[in-house]
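Numbering (our numbering), first residue to last: -9 to 313.
Written out as structure tokens, the structure is:
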């Protein structure tokens, strides 16, 4: 392979002296000063060999990368989400997995080794496919599936959906913002509320839910929880009271809730706090957009007691005031 590259116009830029008493190929760096020659892209040397391809701008770099005829995996070293998006869109049909490397994820980088079993390790074209083409997997394969690996901030910027770990605290309550002003990842951490016995009793009377775990001290001690606990729907209501801004504003309606999980019991004396994050957004019509909010309800120990997604309709700015 190295001989073919040398014949195609590359030259040896550096080579380790190596060992002469074994079947070892010395680490070698080649330089292709005329990088567009087809022969340089026809052969891919494995082992301790790499080739430098100089380029003038990112458009030329993308053209050179696409001349390779398919890649298993590629690493892009950049802290700039816009640059990462450019290469992601340009290479999605050429590479099995794109690894975006920067200062946020370098300490935990797996390189080209797959960090998760479900991440694709195999590529199109010369890379050999790497997956069996059965059933719906075949459809996905011919749609040129791509596994994207990056830090949470870059993942969020590239996909337009909230990635845990990429929260951005906001000083303005997000319910005071129009659809165009909201940014994915924008997060509000609310004030706190301590649950009292009166809260549980009043909610039981209001809802007619007198389940023993909420209302019977003796029976609750023998329950799974070992004590009286608050209703799950009280926790939801209390969380809404923590994160909802009551004044009229751009948020018009709450029309759904998805993925609700109660993960820790809430007892008398526990203190609740809510974290509200813009998870995703999409325009609906000329007047409104749909905003998905990730909600985490935390206790005084920082443990998540409930998590879910709420769906809201949010007013859009007048046509002339949109970005």
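Even for Gly, the Cβ is constructed at its ideal location relative to N, Cα and C.
(message) Looking at the strands, I want to know which residues DSSP matches up with residue 198.
(response) Its beta-bridge partners do not exist; DSSP assigns none.
(message) In the DSSP assignment, the alpha helix (DSSP H) including residue 245 goes from what residue to what residue?
(response) Residue 245 -> not in any alpha helix (DSSP H); beta strand (DSSP E) instead, spanning 241 to 252.
(message) Is it buried or exposed, residue 300, if we count other Cβ atoms within 10 angstroms and call 16 or more buried?
(response) buried
(message) What does the Cβ neighbour count give for residue 283, buried or exposed, with the cut at 16 atoms within 10 Å?
(response) buried
(message) Checking the sheet assignment: what are the DSSP bridge partners for residue 91?
(response) 67
(request) Tell me whether the beta-carbon of residue 33 lies closer than 9 Å to the beta-carbon of residue -6. (result) yes
(request) Note down, one range per segment and in chain order, each alpha helix (DSSP H) of at least 4 residues found wholly within the region 16 to 77. (result) 28 to 32, 48 to 56
(request) Quick one: grab the DSSP three-state call for residue 123. (result) Interpretation of residue 123 is limited by its pLDDT of 49, a score under 50 that renders its predicted location unreliable; the figure taken from the coordinates is listed afterwards. Coil, per DSSP.
(request) Could you give the DSSP three-state label for residue 155: helix, strand or coil? (result) coil
(request) Classify residue 190 as helix, strand or coil using the three-state DSSP reduction. (result) helix
(message) Please tell me whether residue 144 and residue 157 are closer than 9 Å, where the distance is taken between their beta carbons.
(response) no
(request) Taking residue 204 and residue 194 to be in contact with their CB atoms under 8 Å, please state how far apart those CB atoms are, rounded to whole angstroms. (result) 6 Å
(request) Might you give, ordered along the chain, the residues of its own chain that have their beta carbon closer than 8 Å to the beta carbon of residue 17, omitting 5 neighbours on each side? (result) 5, 6, 8, 38, 39
(message) Among the candidates 231, 290, 235, 278, whose CA atom is the shortest distance from the CA of residue 258?
(response) 290
(request) State the beta-bridge partners of residue 298 as determined by DSSP. (result) 285
(message) Quick check: what's the CA-CA separation for residue 147 versus residue 228?
(response) 32 Å
(message) Which of the three DSSP states is assigned to residue -8 in this structure?
(response) helix
(message) One question on the structure: do residue -2 and residue 23 come within less than 9 Å of each other, judged by their Cβ atoms?
(response) no
(message) Here's a check: name, in chain order, each residue in its chain whose Cβ is nearer than 8 Å to the Cβ of residue 306, leaving out the five neighbours to either side.
(response) 168, 169, 170, 273, 276, 277, 278, 279, 312
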